[in-house]
Amino acid sequence: MALKMILAINFIPERIKQLKLLALLTKSQIRIVTENDMDKTVGELLGFTEEEIENISALKKQEEKKDIPENQELMAAMEVTKEAIILCGFDSSALNVLLNGIRRGPLKNIPLKAGVTPNNISWNIYTILQEISKEHDYFEAQKKR
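Put into structure tokens, the structure is as follows:
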């Protein structure tokens, strides 16, 4: 399946409109992730079957596996409210168009960004938001050094 999709999380309607214009430029679909979707996996939201998600997850290298917190109460306590996009099926050209469009257009910045990998396709949205938020905070701290 040649799927190019943007999962959009924590966006206000005005900024969703701007992101939809960029989706048109990159010939990608956009799915707005709602509060009801937060416990679904990235793969589910992209429309993959459970079998497809398992097959993709099996591609990850043994050393890349890491424990991901499963406790939903803990995840809810550490809720991430920053805007986030999760990208699937973007080649480098489309990715550059999207990122340049974000920077140069009215959106200016989307703090949390991730691509779908064999490792994170089976994570729920709470989990991936926590992980990319931690990465974002780490890199922001490195910039200040």
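When we follow my numbering, the leftmost residue of the sequence shown carries the number -8, and every step to the right adds one.
Using N, Cα and C, we set each Cβ at its ideal position, and we do this for glycine too.
Since this is a predicted model, take the numbers as computed values, not measurements.
Using only CA atoms, which one of the options lies nearest to residue i?
i: Thr25; options: Ile116, Leu89, Ile47 and Leu103; result: Ile116
i: Pro87; options: Pro4, Lys8 and Ala14; result: In the sequence under discussion, the amino acid at residue 87 is Asn, which differs from the Pro named in the question. Among Pro4, Lys8 and Ala14, the Cα nearest to that of Asn87 is on Ala14.
i: Leu36; options: Ala132, Tyr129 and Leu78; result: Leu78
i: Gln121; options: Ser83, Lys73 and Arg94; result: Lys73
i: Glu45; options: Gly106, Tyr129, Leu10 and Ile112; result: Ile112
i: Lys31; options: Lys125, Asp128, Thr118 and Lys134; result: Thr118
i: Gly106; options: Glu41, Ser83 and Gln9; result: Ser83
i: Glu5; options: Asp128, Lys134 and Leu98; result: Leu98
i: Ile114; options: Lys18, Met29 and Leu12; result: For the sequence presented, residue 114 should be read as Trp rather than Ile. The option with the nearest alpha carbon to Trp114 is Met29.
i: Val71; options: Glu42, Asp128, Lys135 and Leu(-6); result: Asp128
i: Ser19; options: Lys(-5), Glu42, Val33 and Lys125; result: Lys(-5)
Use the C-beta contact count for residue i: other C-beta atoms within 10 angstroms, 16 or more gives buried, fewer gives exposed.
i: Lys104; result: buried
i: Leu50; result: exposed
i: Phe81; result: buried
i: Leu89; result: buried
i: Leu16; result: exposed
i: Ala132; result: exposed
i: Gly96; result: exposed
i: Leu10; result: buried
Compute the beta-carbon to beta-carbon distance between residue i and residue j, rounded to the nearest angstrom, for a pair I have assumed lies under 8 angstroms.
i: Ile23; j: Phe39; result: In fact, because the Cβ distance is near 18 angstroms, the residues do not count as touching under 8 angstroms.
i: Ile0; j: Ile21; result: Rounded, the Cβ-Cβ distance is 11 angstroms, inconsistent with contact.
i: Ala75; j: Ile7; result: That pair is no contact at about 13 angstroms.
i: Ile47; j: Pro102; result: Their Cβ separation, rounded to whole angstroms, is 26 angstroms, which puts Ile47 and Pro102 out of contact at 8 angstroms.
Report the start-end ranges of each beta strand (DSSP E) in the segment -7 to 38 that is 3 residues or longer and not cut off at the edges.
-4 to 0 and 20 to 24
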